[in-house]
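Its first residue numbered 828, the sequence shown is counted upward by one per residue in the working numbering.
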Amino acid sequence: MDLKHRLLRETFGYTEFRPGQQKLIDAMLSGRDVLGVMPTGAGKSICYQMSAMLLPGVTLVISPLISLMQDQVAALQRIGISACLLNSAQTLQERQSAMRLASSGRCKLIYIAPERLLAPEFGDLMTYLPISMVAVDEAHCISQWGHDFRPSYRKIPQFLQSLPKRPIVSAFTATATAQVREDIVRALHLQSPERLVTSFDRPNLHYEVRRVYDREAQLLRFIQKQGNVSGIVYCLTRKKTEEMARYLCDNDIHAVAYHAGMESMVRRAVQQRFVSGNVPVIVATNAFGMGIDKSDVRFVVHFGMPRDIESYYQEAGRAGRDGALAHCLLLFDEKDIDFHEYLIRQDPENPALTEEEVEWLRKKNMTRLREIKRYVFTDGCLRQYILQYFGQTAPDFCGQCGNCEASSMEKDVTTAAQKLLSCVYRVREQCNADMLCRILLGEKERDIVEAGYAAVSTFGIMKDSTQKEIMTILQHLVSFGYLVQQDNPYPRLCLSAKAKPVLFHGEKVAIRIRVSPQEARLARQSNSSENPDLSKELREYRKRAATLRGVPAFVVFSDRTLEELVKNLPQNEIQLAGILRKREQLNERNQKKILEIIRKYIDC
Ligand code: ADP
Ligand code: ZN
């Protein structure tokens, strides 16, 4: 085992590198600059931490967030790596003791906030400490075209130039479009860096956008439906976080607010309660989240449209770090657009920008806003939209985002799956997908006959299907783990433990197939009409309305109307009017209420 793997196992406690980590570490160890673009949670920190341990001398880590640095330094110290940090929040005493530790040369990693880089006492230290590498975390903060520009990051190039010897410069970011990537390389003067961009796809995240009609109630229902799990609700303003946390608590959901206006002690405590699982739901502004290491966040709701796709991807990406299914819901109101436009037109907080730069920034932000506007309005696959935004290609149907679900329906393919799986069994797991397909279709080709497969009982058992149909189900069986691909001694498909219940106990297999939105709606409606709750709720409403008016229930609306409401699920006044009978004169408020009740059953 090489040194890297030993360190990974013995010091960090992991068995394997994640995609991209090794390549980046190798590049740094060979003295090259790197630009690592990996989604949040992919494991960027280990890359520079391990390189720091294997390089001679000291590595400086520049990071924008004090709490993040504190956590990382504490974690490193726990596993026996000597690290310290310097930031402006330290007391003089703390800083002096950190400086002593740093200047002793015993620290492999020194974490430093960008605004401290040009402090005179630090400059002195830099003249004699052997700095091998400067690692810039959250490197997109240097780009003023990025979504999180921090002026203090502009000090980095100047600082690098002030060093007696140019160190290796490594830059890491979770979110960068091609343009921001170029900007990072240029601004940090990276020298032919190793660029590594890992996939931005998060297959376990279920993206969904919903237009709002009653945002509070929609949020509440969504959270109730998730059960007792951890989740984050992002709001656009501080005030809203407090309002919504209160609202959720009033409705028996244990939630706390978090925003930058709160005292830092309180904030830390709130964060801690969420991370430890004491409080399941945190209602926060975008000030929350960077550096939070909580893997079992099961949902992220945006109570309002974020300002751009980068922010959205990063915030939503805090769900499902453990790889299990997690929901990312964006509740969007057209007023959110006005809100962001208003903010963009405001004077910038940063007085250092020239008039020209301010104009540029405004234009840039408007463009970004347009991109997320397109996201919330698109009928297409949401996953594809996000991936394409980050410069990746993706199929136009993922089958598991809100939009794909709205244009598809579940189809029971248990019988076909059984045929397929038993064929794999009959050919003793010796065939690849293509051959299996031909056997099932009953094609008497030479290779099939010679191998004796024309004589197995499943030969031709699916001759009424098309090749495409068989392949679709086959792919589904592979991606959902009923079949596993083996490459030894040649590519072939084998049965997994998951296949057994399907083969022998009739466990159902369903796949999502694409249909027209109308067909999908019909399929959903037929599911909903089996739902007795809607019927019950409408009946209860009818009773209340009748009592109020002092009339019998059927005068409000008849049983037949009720049945039709449940069956057809009208979504607006016109559709509703088509169902109500002549005698049933419901006023506007009654109608609105009925539509509201029905909507609950359409959305969830
Ligand atoms: P990022 O900085 O990219 O958001 P982190 O470096 O904080 O991500 O890593 C996210 C999580 O993944 C951490 O809990 C980290 O310990 C874990 N991790 C990193 N590398 C590996 C690995 N090779 N195997 C298993 N877990 C890893
Ligand atoms: Zn999709």
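Glycine is no exception: its CB is placed at the ideal position from the N, C-alpha and C atoms.
Where the alpha helix (DSSP H) containing residue i begins and where it ends
i       : result
Gly1229 : 1229-1233
Thr1388 : 1386-1395
Met865  : Counting along the chain, Met865 falls outside any alpha helix (DSSP H), and DSSP gives it neither H nor E.
Ile873  : 871-881
Glu942  : First-last for Glu942: undefined, no H or E at that position.
Ile1213 : 1209-1216
Glu1183 : 1182-1204
His1332 : 1326-1332
Ala929  : 919-930
Ala1096 : 1091-1102
Spatial neighbours of residue i in its chain, beta-carbon cut-off 7 angstroms, leaving aside the 5 residues before and after
i       : result
Met880  : Leu834, Ile908, Lys935
Met1253 : The residue asked about is misnamed: residue 1253 is Arg in this sequence, not Met. Contacts found: Val1283, Ser1284, Thr1285.
Cys1431 : At Cys1431, the pLDDT of 45 sits below 50, so the modelled position is not reliable and the matter cannot be decided from this model.
Pro1012 : Pro is not the amino acid found at residue 1012; the sequence shown has Val there. Taken in chain order, the residues that qualify are Leu862, Pro1020.
Glu1069 : Ala1084
Leu786  : Given a span of 828 to 1431 for the chain in the structure shown, any question on residue 786 remains unanswerable.
Arg1022 : Leu862
Leu892  : Met1117, Gly1118
Close-in-space but distant-in-sequence residues of the same chain around residue i (CB under 6 angstroms, 5 per side omitted)
i       : result
Ala1243 : Ile1300
Gly1226 : Arg1339
Leu912  : Met896, Val900, Tyr938
Leu830  : none
Cys1321 : Glu1256, Val1311, Gln1313
Phe1101 : Ile1109
Gly1287 : Gly1269
Exposed unless 16 or more other CB atoms sit within 10 angstroms - verdict on residue i
i       : result
Phe776  : There is simply no residue 776 to check, as the chain begins at 828 and stops at 1431 in what is shown.
Leu919  : exposed
Ala916  : exposed
Glu985  : In the sequence under discussion, the amino acid at residue 985 is Gln, which differs from the Glu named in the question. Gln985 should be labelled exposed.
Val771  : Since the first residue shown for the chain is 828 and the last is 1431, residue 771 is missing from the structure and cannot be characterised.
Glu1423 : exposed
Ala962  : buried
Lys1295 : exposed
Lys1067 : buried
Pro866  : buried
Gln988  : exposed
Ala1146 : buried
Gln1219 : exposed
Thr1374 : exposed
Glu837  : exposed
Tyr955  : exposed
Phe999  : buried
Leu1152 : exposed
Gly847  : buried
Ile1401 : exposed
His1332 : exposed
Ser890  : buried
Range covered by the beta strand (DSSP E) that runs through residue i
i       : result
Ala1153 : 1153-1159
Tyr1085 : 1082-1085
Gly1441 : Outside the shown range of the chain (828 to 1431) lies residue 1441, about which nothing can therefore be said.
Ala986  : According to the sequence shown, residue 986 is Phe rather than Ala. Counting along the chain, Phe986 falls outside any beta strand (DSSP E), though it belongs to the alpha helix (DSSP H) covering 982-989.
Glu843  : Glu843 -> no beta strand (DSSP E), and no H or E assigned at all.
Met960  : 958-963
Arg1339 : 1337-1341
Ala998  : 995-1000
His1033 : 1032-1038
Ala910  : 910-913
Thr1220 : Looking at the DSSP string, Thr1220 is not in any beta strand (DSSP E), and its letter there is neither H nor E.
Assumed close pair residue i, residue j - CB separation to whole angstroms, cut-off 8 angstroms
i       : j       : result
Ala1350 : Met1236 : 4 angstroms
Ile906  : Phe839  : 7 angstroms
Leu1015 : Ile969  : 7 angstroms
Phe1384 : Glu1411 : 5 angstroms
His1086 : Ala1111 : 6 angstroms
Met828  : Ser878  : 18 angstroms between Cβ atoms; not a contact.
Arg777  : Ser1057 : This structure leaves residue 777 out entirely; the chain is present only between 828 and 1431.
Ser930  : Leu945  : Not a contact, Cβ separation roughly 18 angstroms.
Ser1234 : Arg1341 : 6 angstroms
Proximal residues to residue i (C-beta, below 8 angstroms), its chain only, five neighbours per side dropped
i       : result
Arg1319 : Glu1256, Gln1257, Cys1258, Asn1259, Gln1312, Gln1313
Glu1142 : Ile1059, Tyr1061, Asn1113, Gly1116, Val1127, His1129, Pro1133
* Asked: How do the region 918-931 and the region 894-901 stand: do at least 3 beta-carbon pairs fall below 8 angstroms, yes or no?
  -> no
* Asked: Taking three-plus beta-carbon pairs below 8 angstroms as touching, is the region 1063-1074 in contact with the region 1260-1270?
  -> no
* Three-pair Cβ contact test at 8 angstroms for the region 1141-1158 versus the region 1166-1178 -> no
* Specify whether the region 1146-1166 and the region 1034-1046 touch according to this definition: at least 3 beta carbon pairs, one from each stretch, less than 8 angstroms apart. => yes
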